[in-house]
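Novice: Structure below; questions to follow.
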C-alpha cells in the first residue's frame, strides 16, 4: 500500500493521476489547510495554478521546493508552506534552508532525504503527526541507518507533543508545528539560539 500527501494544487493533481494509474492501493491524504478554504487561516501558497492536460507526479519521489546549504528541513503537506515561509524569512539573515517536500509517505524517498542532509549536514523534520512513532522518527532513522556522520548536529523533530489534538482552533494551533517552532528548531540546529 502507498500513501501520498500533496502540499500544492499541482501535486494534488499529479499524485491523484499517479494514484489512479497505480496497480497497488494508494491512500490519498489531503490536509484541510491546503484546500485554500476561506474559513481556514489564509494560505496564499494553497491557491495556485493547476497544470492543464497530462500531469503526473511519480509516487515515492520527494521534491526539493527550495534549495539551501545550511540546514535540511524535511516535511510534508501543510507544513511545507510554513517551512517555506520560515526559509524565506531566514534567507534575509543569510541562512539558506533547503526545504524537502516528501509528497509521499509510503514509500519514503530515503535517497532524497540522505542526499539533502549530505549537502547541509543538519536536519530539522517537521511533522503534524505525534512525535512518538511518527514520520519524523523514520526520517531521522533514514539518515542514521545510512551514515550518522552526515549530521554535524543532532537532528531536531518539530512535531505534535503526545497529547490529544484539541477541537478548538486556537488550541489546535497551539499544539501543531508552526512557523515559530520551525524557526526556533532551525536556529537551535545551527546553534544560533
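Numbering (full-length UniProt numbering), first residue to last: 1 to 193. Note that the Cβ used here is the ideal one computed from N, Cα and C, for glycine as well.
1. Is residue 154 closer than 8 Å to residue 175 when the C-beta atoms are compared?
2. Determine the DSSP secondary structure at residue 127, reduced to helix, strand or coil.
3. On the three-pair Cβ rule with 8 Å, is the segment 139 to 149 touching the segment 162 to 173?
4. Write down the C-beta distance between residue 34 and residue 103 rounded to the nearest angstrom, noting that I regard them as a contact closer than 8 Å.
5. Go through its chain and collect everything with a Cβ distance to residue 163's Cβ below 8 Å, but skip five positions before and after it.
6. Should residue 122 and residue 67 be called a contact, given that it needs their Cβ atoms to be closer than 8 Å?
7. Suppose you measure from the CA of residue 25 to the CA of residue 184; what does that come to, to the nearest Å?
8. Kindly list the residues whose CB is nearer than 8 Å to the CB of residue 140, restricted to its own chain and excluding five residues on each side of it in sequence; keep chain order.
9. Beta-carbon within less than 6 Å of residue 75's beta-carbon, same chain only, minus the 5 sequence neighbours each way: which residues are those?
10. State buried or exposed for residue 65, treating a residue as buried only when at least 16 other CB atoms are found within 10 Å of its CB.
11. If you drop the 5 nearest sequence neighbours on each side, which residues of the same chain put their C-beta closer than 7 Å to that of residue 63?
12. Which residue or residues does DSSP assign as beta-bridge partners of residue 73?
13. Please report the Cβ distance between residue 56 and residue 18, rounded to the nearest whole angstrom; I am assuming they are in contact, meaning their Cβ atoms lie under 8 Å.
14. Excluding the 5 residues preceding and the 5 following residue 61 in the sequence, name in chain order all residues of the same chain whose CB lies nearer than 8 Å to its CB.
Specialist: Answer, in terms of the structure:
1. Cβ distance not < 8 Å, so residue 175 and residue 154 don't count as in contact.
2. Of the three classes helix, strand and coil, the one that applies to residue 127 here is strand, per DSSP.
3. No: the two stretches stay apart, fewer than three of their Cβ pairs being nearer than 8 Å.
4. With 8 Å as the limit, residue 34 and residue 103 do not qualify as a contact, their Cβ atoms being about 12 Å apart.
5. Closer than 8 Å at the Cβ level, and outside the excluded window around residue 163, lie 175.
6. For residue 122 and residue 67, no; Cβs fall outside 8 Å.
7. Taking the CA atoms as reference points, residue 25 sits about 38 Å from residue 184.
8. The answer, listed in chain order, is 123, 125, 155 and 157.
9. Result list for residue 75: 83 and 126, in chain order.
10. It counts as buried.
11. The answer, listed in chain order, is 101 and 103.
12. Paired residues: 99 and 124.
13. The pair is a contact, with the Cβ atoms about 5 Å apart (cut-off 8 Å).
14. Hits under 8 Å: 103, 104, 109 and 112.
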